[in-house]
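Visitor: Position one of the sequence shown corresponds to residue 1 (full-length UniProt numbering), numbered consecutively onward. All C-beta atoms, glycine included, are put in the ideal place defined by N, C-alpha and C.
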Amino acid sequence: MKSRAAVAWEAGKPLSIEDVDVAGPKAGEVLVRIVATGVCHTDAFTLSGADPEGLFPAILGHEGGGIVEEVGEGVTTLAVGDHVIPLYTPECGTCEYCRSGKTNLCQRIRATQGQGLMPDGTSRFSKDGRMIHHYMGTSTFSEYTVLPEIAVAKINQAAPLEKVCLLGCGITTGIGAVLNTAKVEPGASVAVFGLGGIGLSVVQGAVMAKAGRIVVVDTNPSKFEMAKLLGATDCVNPKDYPDTPIQQVIVELTGGGVDYSFECIGNVDVMRAALECCHKGWGESVIIGVAGAGQEIRTRPFQLVTGRVWRGSAFGGVKGRSQLPGYVDRYMAGEIRIDEMVSQELPLERINEAFDAMHEGRVIRSVIRY
Ligand code: NAD
Ligand code: AHE
Ligand code: ZN
Ligand code: ZN
């Protein structure tokens, strides 16, 4: 079949709107019509060419909501008409990782997913006979996409897909990093570096965890209004302290450092500051931001010797098939805020404007509606 899609033909170039060919679902796969998709900074990161796993041509996008249109042979847990969220972190339930009880990082199809292919080692996308890669196993920048059954979460049919699509990455990642990875406790102090869709969702998660002080840090002060609305208590712009390392500013502000910090930018220097603004003896820093090829983190080992802990979090530690539907239900119950995070809706034809707006810091999230 034909599908409208935004194709990344090469790194660093705008996406190109095309009619691509989509092959039907094979055994264990489903065809999904994407109704809406968010644009996450990770899409921009890969498009920039900084992603060591970046492959071109590809159809990017990993923050979608859609409806199952066709199921392949042997699919038992999904049916035509189901409302779903594609999962870049699948959940097979049977691999060593799924059974460990220690991680959400199912590895069942990770190898082929990283090669931009479906589990059988081939792509369902092409244009004029030229193969186009999948991306993160989701490719939500195509109106029709094919997904492995284990990479699809079935959700409440009543949920608005143009909002809950953001649970496909940003909002779940931020909230989950607080609740699952850091396990922030009531009264704890928190610092959040970077106030995009991820950082603001960390703020939201910190409020859900009943954190005490929530210090937010961004070089773009226009982000502070939304952060305060969500529950931030202190806003810090590093540009206001040109002569003082930002970790020192936060240590002084909090009388010794925070209990938990979260890096939501992808900047390795900020990752260091986020660790070093943590309280001696027990402070924990969670890296969420994704850094480019060749980038490495540094600190004095003494920072860890003296009790600070460095962690990372992918998709907020959330298991997609079993736990994401509950996030949708919590949104429907008014316990998770999404609507405020949608700064603009755009048709697919204007998707490059969403990338421009993100780079210029004018939006929290843009949502593409097909
Ligand atoms: P975004 O572009 O919407 O937001 C980034 C924010 O960081 C912006 O507000 C920007 O002003 C701010 N910022 C940039 N440089 C800064 C600096 N030096 N000091 C302070 N603030 C600074 O991005 P996003 O979509 O929220 O994504 C954030 C990061 O999280 C990206 O690296 C993305 O790839 C990553 N990410 C990771 C996961 C995961 O599972 N680990 C999931 C989603 C996104
Ligand atoms: N491909 C990159 C890493 C990209 C990355 O870290 N992705 C996150 C999700 S970001 C969503 O916006 C993730 O889940 N990683 C776990 C995984 O298995 O990819 C690189 O550096 O190679
Ligand atoms: Zn993302
Ligand atoms: Zn698994």
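1. Grab me the residues of Ile364's own chain with a C-beta within less than 7 Å of its C-beta, minus the 5 sequence neighbours each way, in chain order.
2. Alpha carbon to alpha carbon, what distance is there between Arg298 and Arg272?
3. Could you give the first and the last residue of the continuous alpha helix (DSSP H) run that contains Ile246?
4. What residues match up with Phe262 in a beta bridge as DSSP calls it?
5. Nearest CA to the CA of Cys169: which residue from Leu324, Ser3, Leu229?
6. Would you say the beta carbon of residue 373 comes nearer than 7 Å to a heavy atom of ligand 1?
7. Quick one: measure Cβ to Cβ for Arg213 and Asp234, integer angstroms, because I've assumed they're closer than 8 Å.
8. Between the region 301-310 and the region 277-284, are three or more C-beta pairs nearer than 8 Å?
9. Report back the beta-carbon spacing between Val68 and Val32 to the nearest angstrom; my notes put them in contact at under 8 Å.
10. Ligand 4 heavy atoms versus the CB of Arg330: any closer than 7 Å?
11. Taking Ile246 as the reference, which of Ile265, Ser16, Asp218, Thr122 has the closest Cα?
12. Please report how far the alpha carbon of Arg330 lies from the alpha carbon of Arg337, in whole angstroms.
13. Would you kindly work out how many angstroms separate the C-alpha atoms of Pro347 and Tyr135, rounded to a whole number?
14. When you compare only the Cα positions, how much space is there between Glu73 and Arg300?
15. What span of residues does the beta strand (DSSP E) with Val75 cover, start to end?
16. To the nearest angstrom, how far is the alpha carbon of Tyr260 from that of Gly194?
17. Please name the residue, chosen from Ala232, Arg130, Val7, Lys2, that lies closest to Ile351 on a Cα-to-Cα basis.
18. Between which two residues does the alpha helix (DSSP H) holding Leu60 run?
19. List in chain order the residues whose CB is within less than 5 Å of at least one heavy atom of ligand 4.
20. May I ask whether a heavy atom of ligand 3 can be found less than 7 Å away from the beta carbon of Cys264?
21. To the nearest whole angstrom, what separates the beta carbons of Val80 and Val71, a pair I think is in contact under 8 Å?
22. If I'm right that Ile171 touches Val20 with Cβ under 8 Å, what's the distance once you round it to whole angstroms?
23. Specify, as a first and last residue, the run of the beta strand (DSSP E) that Thr145 falls within.
24. Within 10 angstroms of its Cβ, does Gln204 collect 16 or more other Cβ (buried), or is it exposed?
25. Looking at the secondary structure, which residues open and close the alpha helix (DSSP H) in which Ser100 lies?
26. Buried or exposed: Ala211, going by 16 or more other Cβ atoms within 10 Å of its Cβ?
Guide: Reading it off the structure:
1. The sequence position of residue 364 within the sequence shown is 364, counting from 1. Within the same chain, and ignoring the five residues on either side of Ile364 in sequence, the residues whose Cβ sits closer than 7 Å to its Cβ are Gly196, Gly197, Leu200, Met226, Met341, Ser343.
2. Translated into positions along the sequence shown, residue 272 becomes position 272. Translated into positions along the sequence shown, residue 298 becomes position 298. Going by the C-alpha atoms only, they are around 6 Å apart.
3. If you number the sequence shown from 1, residue 246 lands on position 246. Start and end: 246-254.
4. Within the sequence shown, residue 262 is the residue found at index 262, counting from 1. Listed as beta-bridge partners of Phe262 by DSSP are Val192, Val286.
5. By 1-based counting over the sequence shown, the position of residue 169 is 169. Of the candidates Leu324, Ser3, Leu229, the one whose C-alpha sits nearest the C-alpha of Cys169 is Leu324.
6. The structure shown has nothing for residue 373, since the chain only spans 1 to 370.
7. Locating residue 213 in the sequence shown gives position 213, counting from the first residue. Locating residue 234 in the sequence shown gives position 234, counting from the first residue. Contact holds; Cβ gap of about 7 Å.
8. yes
9. By 1-based counting over the sequence shown, the position of residue 68 is 68. By 1-based counting over the sequence shown, the position of residue 32 is 32. Contact holds; Cβ gap of about 6 Å.
10. Walking along the sequence shown from the start, residue 330 turns up at place 330. Flag unset: Cβ of Arg330 not near ligand 4.
11. Mapped onto the sequence shown, residue 246 falls at position 246. Minimum Cα distance to Ile246 is reached at Asp218.
12. Stepping through the sequence shown from its first residue, residue 330 is reached at position 330. Stepping through the sequence shown from its first residue, residue 337 is reached at position 337. Approximately 9 Å between the Cα atoms of the pair.
13. Taking the first residue of the sequence shown as position 1, residue 347 is located at position 347. Taking the first residue of the sequence shown as position 1, residue 135 is located at position 135. Cα to Cα, Pro347 sits roughly 20 Å from Tyr135.
14. What you label residue 73 is simply residue 73 of the sequence shown in a count that begins at 1. What you label residue 300 is simply residue 300 of the sequence shown in a count that begins at 1. If you take the alpha carbons of Glu73 and Arg300, they lie about 54 Å apart.
15. Here residue 75 refers to the residue found at position 75 of the sequence shown. Neither: Val75 is in no beta strand (DSSP E) and is coded neither H nor E.
16. Looking up residue 260 in the sequence shown gives position 260. Looking up residue 194 in the sequence shown gives position 194. Cα to Cα, Tyr260 sits roughly 15 Å from Gly194.
17. Here residue 351 is taken as the residue at index 351 of the sequence shown, counted from 1. Comparing Cα-Cα distances from Ile351 to each of Ala232, Arg130, Val7, Lys2, the minimum goes to Val7.
18. The residue given as residue 60 occupies position 60 in the sequence shown. Looking at the DSSP string, Leu60 is not in any alpha helix (DSSP H), and its letter there is neither H nor E.
19. Cys92, Cys95, Cys98, Cys106, Arg108
20. By one-based count along the sequence shown, residue 264 stands at place 264. Answer for Cys264: no, Cβ out of range of ligand 3.
21. Taking the first residue of the sequence shown as 1, we reach residue 80 at position 80. Taking the first residue of the sequence shown as 1, we reach residue 71 at position 71. Confirmed, Cβ separation roughly 6 Å.
22. Counting from 1 along the sequence shown, the entry for residue 171 is found at position 171. Counting from 1 along the sequence shown, the entry for residue 20 is found at position 20. Contact doesn't hold; Cβ gap of about 29 Å is too wide.
23. Residue mapping note: residue 145 aligns to position 145 of the sequence shown, counting from 1. Thr145 -> beta strand (DSSP E) spans 144-148.
24. Mapped onto the sequence shown, residue 204 falls at position 204. Result: buried.
25. For this step, residue 100 is matched to residue 100 along the sequence shown. Counting along the chain, the alpha helix (DSSP H) containing Ser100 begins and ends at 96-100.
26. Indexing the sequence shown from 1 puts residue 211 at position 211. Ala211 should be labelled buried.
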